[in-house]
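K.L.:
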Amino acid sequence: MASLLGIWLGVAFGTAFGTGLVSHFMQHPPDGFSWPSRPVWFYRFTQGLHVTSGLVSVPLLLAKLWTVYPRLWEWPPVRGVAHAAERISIIPLIAGAIFQLATGIANIAQWYPFRFFFTVTHYWVAWITIGALIVHITAKITIVRANVGRDRAARTHLSDRISQPEPADDGLSRRGFGLAVGAAAGVVTVTTAGQFVPGLGDTVLLAPRKPGVGPQGLPVNRTALAAGVVVIARDRGYQLDIVGPRPFSLSLDELYARSLVTVRLPITCVEGWAADATWTGVRLADLLDRADVPAHASVRVESLERRGGYRTSVVDPPHARDPATLIATRLGGAVLALDHGYPARLIAPNRPGVLQTKWVHRVVMV
Ligand SMILES: Nc1nc2c(c(=O)[nH]1)N[C@H]1C(S)=C(S)[C@@H](COP(=O)(O)O)O[C@H]1N2
Ligand SMILES: [Mo]
Numbered sequence: 062m063a064s065l066l067g068i069w070l071g072v073a074f075g076t077a078f079g080t081g082l083v084s085h086f087m088q089h090p091p092d093g094f095s096w097p098s099r100p101v102w103f104y105r106f107t108q109g110l111h112v113t114s115g116l117v118s119v120p121l122l123l124a125k126l127w128t129v130y131p132r133l134w135e136w137p138p139v140r141g142v143a144h145a146a147e148r149i150s151i152i153p154l155i156a157g158a159i160f161q162l163a164t165g166i167a168n169i170a171q172w173y174p175f176r177f178f179f180t181v182t183h184y185w186v187a188w189i190t191i192g193a194l195i196v197h198i199t200a201k202i203t204i205v206r207a208n209v210g211r212d213r214a215a216r217t218h219l220s221d222r223i224s225q226p227e228p229a230d231d232g233l234s235r236r237g238f239g240l241a242v243g244a245a246a247g248v249v250t251v252t253t254a255g256q257f258v259p260g261l262g263d264t265v266l267l268a269p270r271k272p273g274v275g276p277q278g279l280p281v282n283r284t285a286l287a288a289g290v291v292v293i294a295r296d297r298g299y300q301l302d303i304v305g306p307r308p309f310s311l312s313l314d315e316l317y318a319r320s321l322v323t324v325r326l327p328i329t330c331v332e333g334w335a336a337d338a339t340w341t342g343v344r345l346a347d348l349l350d351r352a353d354v355p356a357h358a359s360v361r362v363e364s365l366e367r368r369g370g371y372r373t374s375v376v377d378p379p380h381a382r383d384p385a386t387l388i389a390t391r392l393g394g395a396v397l398a399l400d401h402g403y404p405a406r407l408i409a410p411n412r413p414g415v416l417q418t419k420w421v422h423r424v425v426m427v
């Protein structure tokens with residue numbers, strides 16, 4: 062059972078790690094690297110997998126700890142150098158795994174009881190945990206093979222380290238335990254996947270946000286009140302400034318009069334919810350052309366928000382030039398709600414929600 066749970070945990074943690082790296086490098090692309098803007102749904106897919114594999118790991122990890130718990134108190138605690146190294150690697154593995162799952166869930170719930178910055182810590186502890194996991198897998202691979210593999214001969218060589226046949230009538234059977242853990246993992250998946258799988262919104266029970274619930278049928282991440290832009294965003298004197306070799310500005314009326322392009326794109330929050338919406342606005346590429354911004358240049362989109370980690374975002378050429386990337390002024394046919402970024406916001410395909418800047422008032426070539 063420990064071997065089987067180990068395999069599933071390895072798959073779940075590996076998935077969470079890989080998709081976590083995608084999300085990290087989308088938000089912090091290394092120099093000279095930029096992500097494609099297509100397929101439109103790619104980030105929705107990877108981030109959905111990230112959150113689901115993390116949540117599914119919770120019942121798997123609890124079951125695994127429960128199964129191996131007696132082994133943690135085995136005597137003598139070490140049986141040589143290799144065994145000691147393996148035992149020591151258990152500490153960052155268990156601590157890291159619990160830390161990643163706990164902080165990830167707290168972040169989904171937008172609950173920040175900790176003093177450190179979530180994304181940076183979650184990223185670095187992921188490397189520590191995966192490092193310890195690789196050491197652990199290397200140390201245990203032979204036992205796992207003997208336990209779950211078809212090679213019966215391997216079993217006899219390791220007879221003292223592998224599971225003995227199940228004694229009859231000894232409490233919860235191995236099969237019953239396995240089914241219970243599988244059921245728990247299944248329930249977690251079904252009650253959270255609706256956050257990002259189109260059309261499954263009704264099954265969301267465990268997640269704090271449901272697609273379709275919020276102003277204009279869309280959840281809100283940070284409200285205008287929280288961002289401190291309620292007054293300034295409603296100012297009739299608002300202007301959108303496009304700063305390039307030939308800078309220009311659009312007044313509120315000009316911007317709305319020019320908002321003629323409609324696209325259907327999701328907002329995909331890193332926290333795991335995604336919702337499709339119909340956006341209308343001006344193509345970013347058209348604004349950049351008019352300002353003579355060269356096709357290979359990146360631009361920075363700036364919000365009216367004065368503080369906050371997500372008040373600006375950089376748009377690299379694949380996204381800046383994608384015909385579906387808009388400075389949007391309308392959502393579902395109506396003027397953008399203040400909480401969704403009135404008077405104007407960025408919306409682009411295949412991009413984490415944190416980079417879909419709201420209350421945009423300036424676009425600057427960088
Ligand atoms: N200026 C600004 N824009 C922002 C944010 C923010 O905090 N400030 N939050 C981002 C995040 S994390 C998400 S998921 C999306 C959500 O957009 P919505 O609130 O319109 O659904 O807005 C993004 N745009
Ligand atoms: Mo977000």
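In the numbering used here, the protein residues as written are 62 to 427. Backbone N, C-alpha and C fix where the C-beta goes; we use that ideal spot for every residue, glycine too. Keep in mind it's a predicted model, so treat the numbers as computed, not measured.
Tell me the rounded alpha-carbon separation between V322 and F94.
P.N.:
29 Å
K.L.:
Within the structure, which residues are defined as neighbours of ligand 2 by a Cβ-heavy atom distance below 6 Å, reported in chain order?
P.N.:
N282, C330, V331, E332, G414 and V415
K.L.:
Please go through the segment 347-404 and give each complete alpha helix (DSSP H) segment of 4 or more residues, from N-terminal end onward.
P.N.:
Uninterrupted alpha helix (DSSP H) stretches at least 4 residues long and entirely within the segment 347-404 occur at 378-381, given in chain order.
K.L.:
My assumption, with CB atoms under 8 Å, is that M62 sits in contact with G239. Please give the rounded CB distance.
P.N.:
7 Å
K.L.:
Looking at the unbroken alpha helix (DSSP H) that takes in A435, where does it start and where does it end?
P.N.:
The requested residue 435 is not part of the displayed model; the chain covers only 62 to 427.
K.L.:
Report the rounded CA-to-CA distance for L82 versus R297, giving the unit in angstroms.
P.N.:
42 Å
K.L.:
Can you give me the C-alpha to C-alpha distance between P413 and A287, rounded to a whole angstrom?
P.N.:
Cα to Cα, P413 sits roughly 20 Å from A287.
K.L.:
Between which two residues does the beta strand (DSSP E) harbouring V312 extend?
P.N.:
Note on identity: in this sequence residue 312 is Ser, with Val being the wrong assignment. Counting along the chain, the beta strand (DSSP E) containing S312 begins and ends at F309 to S312.
K.L.:
Quick one, are the C-beta atoms of G305 and T339 less than 9 Å apart?
P.N.:
Against a cut-off of 9 Å, the Cβ pair of T339 and G305 comes out as no contact.
K.L.:
Please check the pair L399 and V292, which I expect to be a contact at CB under 8 Å, by giving their CB distance rounded to whole angstroms.
P.N.:
Going by Cβ atoms, the distance from L399 to V292 rounds to 11 Å, so no, they are not a contact pair.
K.L.:
Any idea what DSSP makes of V331, helix, strand or coil?
P.N.:
coil
K.L.:
Using the Cβ count rule (16 or more neighbours within 10 Å means buried), how would you classify H89?
P.N.:
exposed
K.L.:
Along the chain, where does the beta strand (DSSP E) containing V40 start, and where does it finish?
P.N.:
Missing from the structure shown is residue 40; the chain here goes from 62 to 427 and no further.
K.L.:
Report buried or exposed for T199, applying the criterion of at least 16 other Cβ atoms within 10 angstroms of its Cβ.
P.N.:
exposed
K.L.:
Leaving out five residues on either side along the sequence, give the residues of the same chain with a beta carbon under 6 Å from the beta carbon of A358.
P.N.:
The answer, listed in chain order, is M426.
K.L.:
Do G79 and L194 have their beta-carbon atoms positioned less than 9 Å apart in this structure?
P.N.:
no
K.L.:
Within a Cβ cutoff of 6 Å, which residues of the same chain sit near A409, ignoring the five residues on either side of it in sequence?
P.N.:
H380 and T386
K.L.:
Using three-state DSSP, classify P153 as helix, strand or coil.
P.N.:
In this structure, DSSP gives P153 a helical state, which the three-state scheme calls helix.
K.L.:
Report the three-state DSSP secondary structure of T128 (helix, strand or coil).
P.N.:
helix
K.L.:
Just to check, is the beta-carbon of Y371 closer than 8 Å to a non-hydrogen atom of ligand 1?
P.N.:
yes
K.L.:
Check the C-beta distance from V360 over to L349 and give it rounded, since I have them as a contact under 8 Å.
P.N.:
7 Å between Cβ atoms; contact.
K.L.:
On the CB-based measure, 16 or more other CB atoms within 10 Å of its CB, does V142 come out buried or exposed?
P.N.:
exposed
K.L.:
Determine the direct distance from the alpha carbon of I68 to that of K201, and round the result to whole angstroms.
P.N.:
Each residue's Cα considered, the two are about 11 Å apart.
K.L.:
Nearest to P165 by alpha carbon, out of L123, S118 and I303?
P.N.:
One detail in the question is off: residue 165 reads as Gly in this sequence, not Pro. Nearest C-alpha to G165: S118.
K.L.:
Restricting to Cα atoms, I'd like to know which of V129, F175 and F257 is closest to A335.
P.N.:
F257
K.L.:
I need the DSSP call for G93, collapsed to helix, strand or coil.
P.N.:
coil
K.L.:
Taking 8 Å as the cut-off, does the CB of G165 come closer than this to any heavy atom belonging to ligand 1?
P.N.:
no
K.L.:
Check whether the Cβ atoms of W96 and D377 sit closer than 9 Å, and answer yes or no.
P.N.:
yes
K.L.:
Tell me where the beta strand (DSSP E) around W301 begins and ends.
P.N.:
Looking at the sequence provided, one finds Leu at residue 301 rather than Trp. Start and end: Q300 to V304.
K.L.:
Would Q277 pass as a contact of A389 if the rule is Cβ separation under 9 Å?
P.N.:
Cβ distance not < 9 Å, so Q277 and A389 don't count as in contact.
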